[in-house]
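J.: Residue numbers (the numbering used here), protein chains in the order written: chain E, 48 to 289; chain G, 48 to 289.
Have a look at the structure that comes next, please.
There are 2 protein chains.
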Amino acid sequence: MSKRPSRSSSNRLSSSPTDELNHIPLLKILSNADRQRVLQDLTEQHYTKRDVIFREGDPTEYFHIVKEGTVKCVKSSPEGKECTLKMLMPGDLFCCDAAAFEGARHPGTAQPMGDVSILRMNKKSYFDMLRRNPEAAIEVIKHLGNRLNEAQEKAKVMALDRADQRLASLLVDLATKNGVKDPQGIKLPMRLTRQDMANMVGTTTETAIRIMSRFTRERLVSGTATRLIIRNLAGLKALASA
Amino acid sequence: MSKRPSRSSSNRLSSSPTDELNHIPLLKILSNADRQRVLQDLTEQHYTKRDVIFREGDPTEYFHIVKEGTVKCVKSSPEGKECTLKMLMPGDLFCCDAAAFEGARHPGTAQPMGDVSILRMNKKSYFDMLRRNPEAAIEVIKHLGNRLNEAQEKAKVMALDRADQRLASLLVDLATKNGVKDPQGIKLPMRLTRQDMANMVGTTTETAIRIMSRFTRERLVSGTATRLIIRNLAGLKALASA
DNA sequence: TCAAAAACATGATGCGCGTCATATTTTTTT
DNA sequence: AAAAAAATATGACGCGCATCATGTTTTTGA
Chain E
48 MSKRPSRSSS NRLSSSPTDE LNHIPLLKIL SNADRQRVLQ DLTEQHYTKR DVIFREGDPT
108 EYFHIVKEGT VKCVKSSPEG KECTLKMLMP GDLFCCDAAA FEGARHPGTA QPMGDVSILR
168 MNKKSYFDML RRNPEAAIEV IKHLGNRLNE AQEKAKVMAL DRADQRLASL LVDLATKNGV
228 KDPQGIKLPM RLTRQDMANM VGTTTETAIR IMSRFTRERL VSGTATRLII RNLAGLKALA
288 SA
Chain G
48 MSKRPSRSSS NRLSSSPTDE LNHIPLLKIL SNADRQRVLQ DLTEQHYTKR DVIFREGDPT
108 EYFHIVKEGT VKCVKSSPEG KECTLKMLMP GDLFCCDAAA FEGARHPGTA QPMGDVSILR
168 MNKKSYFDML RRNPEAAIEV IKHLGNRLNE AQEKAKVMAL DRADQRLASL LVDLATKNGV
228 KDPQGIKLPM RLTRQDMANM VGTTTETAIR IMSRFTRERL VSGTATRLII RNLAGLKALA
288 SA
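Here it is in structure tokens:
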């Protein structure tokens, strides 16, 4: 058991938790009857920190939904450098696309940022659901459209901005989309090291540390990985688009 | 008439060209009956070089398909710098996503690289078609999935590679996807200046020129904007992932 | 709780590439 | 065909950030 998931339990979603799943946009749309049917096909998986949900290059077998925790999508280069494309939060879909082709392979690796639970469904069930349910397909189209816009906005930032601006953009994004209120400002709900940030904005760990030190001096942020707080969102926004 | 389309004719697609449209994957899928119906709703638009098909921030009204020519998707920063996200070629769909929301706005500007013709359909007809036709919706999902993968692959390259490697990647991409055979090697079918390339890989015109000069010395490419030829694809590939 | 492993921090040095400047060549427009 | 506008070319200079090195603090896991 060299590098495979060290521990990933699997439970059938037998009984109750129709409610629990109701905050997932894709499932909300379905008719009650169809939702029942879909629940039959969904299974829940649990992963911990050093598991890998799937690896770049693996054949695509499932469609996934994040139920709890944070998952990161990573690509790596031949020389071992890696870049983090996206943090997935509860409710996010992934592999709603690649799985569409026969023999398709995962374009990146999916890795938990801590303990996570994932709902998944095999390709066939997933596409059958979409065929039965055009509104669900349109929901997936919306979701993919959003993801594409995000990716392209990020490409623009990467192309045009300095490292400190890219980092500021990242923090603004995370705070806006995932932040939770805190007496000090806005707290980021996931453990996020400076190396994680570096991988997300295409710079080195050292540079990310230097910039974050500066941000701390300037009272834009405070804290480190386990408790990172955005103290001056407006200031970061100003820097990001300066 | 300051900056609006200087000349864009519009024709109803009345009679024949069912054949002409058959090489567009999305339309190939439809039943004959439904295709007839869709043709009713499609109109053809013509644009020239300095027109703009739509501008960043404009409300989304239509779904588009490139029929002929090349279209570039551009985003620009407050300070006037711009970055080119993607070249769209005949058969490519665009705005198959953003249009999904009420009040959505275009995330970028679409601009012809020369004379182009575009097929378009208003939002409502488009989504009605998808609702009637789940296979078409799945086709759109596949397309968006591909676009997303491309965008993320590009993000990785932007994050990890040097300017010369990014430029090599770009040339490999264009040659592979759109190149046409030529006695000298592979010819790129669109006019592509070094500034265009710079905007696509996030560097300056001067740097793109220097790198292209080097590539020319090294017999990797030859020619300039109006007739650019890839002479050693393998060499470029090697450089791109070095 | 204690040791090992990560994460954070800070300095020195050098290269990649942005910036500005100026000139020539090619393409477009009238 | 001539004039205007773009595109290509090349040099000089300096800043941003990667790299390497070394030390301290925090977190993790047995």
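All C-beta atoms, glycine included, are put in the ideal place defined by N, C-alpha and C.
Can you confirm whether the segment 184-194 of chain G touches the segment 228-243 of chain G when touching is taken to mean that 3 or more C-beta pairs between the two stretches lie within less than 8 Å?
T.: The segment 228-243 of chain G vs the segment 184-194 of chain G: no contact.
J.: With a 10 Å radius around its C-beta and 16 neighbouring C-beta atoms as the bar for buried, classify threonine 273/E as buried or exposed.
T.: Walking along the first sequence from the start, residue 273/E turns up at place 226. With fewer than 16 other Cβ atoms within 10 Å, it is exposed.
J.: How should serine 216/G be labelled, buried or exposed, when 16 other C-beta atoms within 10 angstroms of its C-beta is the threshold for buried?
T.: One-based indexing of the second sequence puts residue 216/G at position 169. The residue in question, serine 216/G, is buried, as its Cβ has 16 or more Cβ neighbours within 10 Å.
J.: Quick one: what's got a C-beta closer than 6 Å to serine 164/E's C-beta in the same chain, skipping five residues either side?
T.: Taking the first sequence and counting its residues from 1, the one referred to as residue 164/E is at position 117. If we look at serine 164/E and ignore the five residues flanking it on each side, its Cβ neighbours are Glu91, His93, Lys114 and Glu115.
J.: Going by Cα to Cα distance, which pick from Ser78/G, Asn79/G, Arg213/G and Arg102/G is closest to threonine 156/G?
T.: The residue you call residue 156/G lines up with position 109 of the second sequence. Residue Arg102/G is the option with its Cα nearest to threonine 156/G.
J.: Here's a check: name, in chain order, each residue in its chain whose Cβ is nearer than 6 Å to the Cβ of leucine 283/E, leaving out the five neighbours to either side.
T.: Here residue 283/E refers to the residue found at position 236 when the first sequence is read from its first residue. Closer than 6 Å at Cβ, skipping near neighbours: Ala215, Leu218, Val219 and Leu267.
J.: Using a Cβ-Cβ cut-off of less than 9 Å, list which residues of the segment 91-121 of chain G approach chain E; keep chain order.
T.: So the list reads Cys120, given in the order they occur along the chain.
J.: What are the residues of the segment 179-193 of chain E that lie near chain G, defined by any Cβ-Cβ distance shorter than 7 Å?
T.: Of all residues in the segment 179-193 of chain E, Pro181, Ala184, Ile185, Val187, Ile188, Lys189, Leu191 and Gly192 have a Cβ within less than 7 Å of some Cβ in chain G.
J.: Who are the near neighbours of isoleucine 258/G in its chain, counting only those whose CB is closer than 7 Å to its CB and skipping five residues on each side?
T.: The residue labelled residue 258/G in the question sits at position 211 within the second sequence. Within the same chain, isoleucine 258/G has close Cβ partners Ala210, Asp211 and Leu214.
J.: In terms of residues, what are the limits of the beta strand (DSSP E) holding methionine 168/G?
T.: The residue given as residue 168/G occupies position 121 in the second sequence. 163-169 is the extent of the beta strand (DSSP E) around methionine 168/G.
J.: Please decide whether aspartate 144/E counts as near chain G, where near means a Cβ-Cβ distance under 8 Å.
T.: Residue 144/E sits at position 97 when you count from the first residue of the first sequence. Aspartate 144/E counts as touching chain G.
J.: Answer with yes or no whether the minimum CB distance from phenylalanine 141/G to chain E is below 8 Å.
T.: Within the second sequence, numbered from 1, the residue matching residue 141/G stands at position 94. Closer than 8 Å: no.
J.: Give me the Cα-Cα distance between lysine 128/E and valine 118/E, rounded to the nearest whole angstrom.
T.: Walking along the first sequence from the start, residue 128/E turns up at place 81. Walking along the first sequence from the start, residue 118/E turns up at place 71. C-alpha separation (whole angstroms): 19 Å.
J.: Using DSSP's beta-bridge definition, name the partner residues of isoleucine 277/E.
T.: Locating residue 277/E in the first sequence gives position 230, counting from the first residue. Per DSSP, Ile233/E and Val268/E.
J.: Return the residue from the list Pro125/E, Asn169/E, Ser124/E and Pro159/E that minimises the CA-CA distance to cysteine 142/E.
T.: Position 95 of the first sequence, counted from the first residue, corresponds to residue 142/E. Out of Pro125/E, Asn169/E, Ser124/E and Pro159/E, Asn169/E has the C-alpha closest to the C-alpha of cysteine 142/E.
J.: For leucine 73/E, decide whether its Cβ has a neighbour in chain G, counting only Cβ atoms nearer than 8 Å.
T.: For the purposes of this step, residue 73/E is taken as the residue at position 26 of the first sequence. No, because no Cβ of chain G sits closer than 8 Å to the Cβ of leucine 73/E.
J.: Just checking: is the beta-carbon of glutamate 304/G within a distance shorter than 8 Å of some beta-carbon in chain E?
T.: One cannot answer for residue 304/G here, as it falls past the ends of chain G, which runs 48 to 289.
J.: CB-CB under 7 Å to serine 288/E, same chain, minus the five flanking residues each way: which ones, in chain order?
T.: For the purposes of this step, residue 288/E is identified with residue 241 of the first sequence, where counting begins at 1. None.
J.: May I ask you to list, following chain order, the residues of the segment 219-250 of chain E that have a beta carbon less than 9 Å from some beta carbon of chain G?
T.: Per Cβ criterion, the list reads Asn246, Met247, Val248, Gly249 and Thr250.
J.: Is it buried or exposed for threonine 250/G, if we count other Cβ within 10 angstroms and need 16 for buried?
T.: What you label residue 250/G is simply residue 203 of the second sequence in a count that begins at 1. Looking at its Cβ environment, which holds 16 or more other Cβ atoms inside 10 Å, threonine 250/G is buried.
J.: Using a Cβ-Cβ cut-off of 7 Å (strictly less than) and excluding sequence neighbours within five positions of asparagine 246/E, which residues of its own chain qualify?
T.: Stepping through the first sequence from its first residue, residue 246/E is reached at position 199. Around asparagine 246/E: Glu129, Cys130 and Thr131.
J.: Going along chain E, which residues have a C-beta under 7 Å from lysine 128/G?
T.: Position 81 of the second sequence, counted from the start, is the residue given in the question as residue 128/G. The answer, in chain order, is Leu207.
J.: Hey, does serine 177/E have any beta-carbon neighbour from chain G nearer than 8 Å?
T.: What you label residue 177/E is simply residue 130 of the first sequence in a count that begins at 1. Here residue 177/E is leucine; the residue named in the question, serine, does not match the sequence. Interface residue, yes.
J.: Can you name the residues of chain G whose CB is closer than 7 Å to the CB of serine 78/E?
T.: The residue labelled residue 78/E in the question sits at position 31 within the first sequence. None at all; the shortest Cβ gap to chain G is about 15 Å.
J.: Listing by chain order, which chain G residues have their CB less than 7 Å from the CB of leucine 314/E?
T.: The structure shown does not extend to residue 314/E, since chain E is modelled only from 48 to 289, so the question has no answer here.
J.: Hey, out of Leu286/G, Val99/G and Arg82/G, whose CA is closest to serine 172/G's CA?
T.: Start at 1 with the first residue of the second sequence, and residue 172/G comes out as number 125. Among Leu286/G, Val99/G and Arg82/G, the Cα nearest to that of serine 172/G belongs to Arg82/G.
J.: Shorter than 8 Å from the beta carbon of serine 288/E to some beta carbon of chain G?
T.: On the first sequence, residue 288/E is found 241 positions in, with the first residue counted as 1. Yes, its Cβ sits closer than 8 Å to a Cβ of chain G.
J.: Please classify arginine 167/G as buried or exposed, where buried requires at least 16 neighbouring CB atoms within 10 angstroms.
T.: Position 120 of the second sequence, counted from the first residue, corresponds to residue 167/G. So arginine 167/G ends up on the buried side.
J.: Decide if lysine 96/G is buried, meaning its Cβ has at least 16 other Cβ atoms within 10 Å, or exposed.
T.: Taking the second sequence and counting its residues from 1, one reaches residue 96/G at position 49. Its Cβ having fewer than 16 others within 10 Å, lysine 96/G is exposed.
J.: Ignoring anything shorter than 3 residues or poking outside the segment 117-190 of chain G, list the beta strand (DSSP E) runs there in chain order.
T.: Fully enclosed beta strand (DSSP E) runs of 3 or longer: 118-123, 129-135, 156-159 and 163-169.
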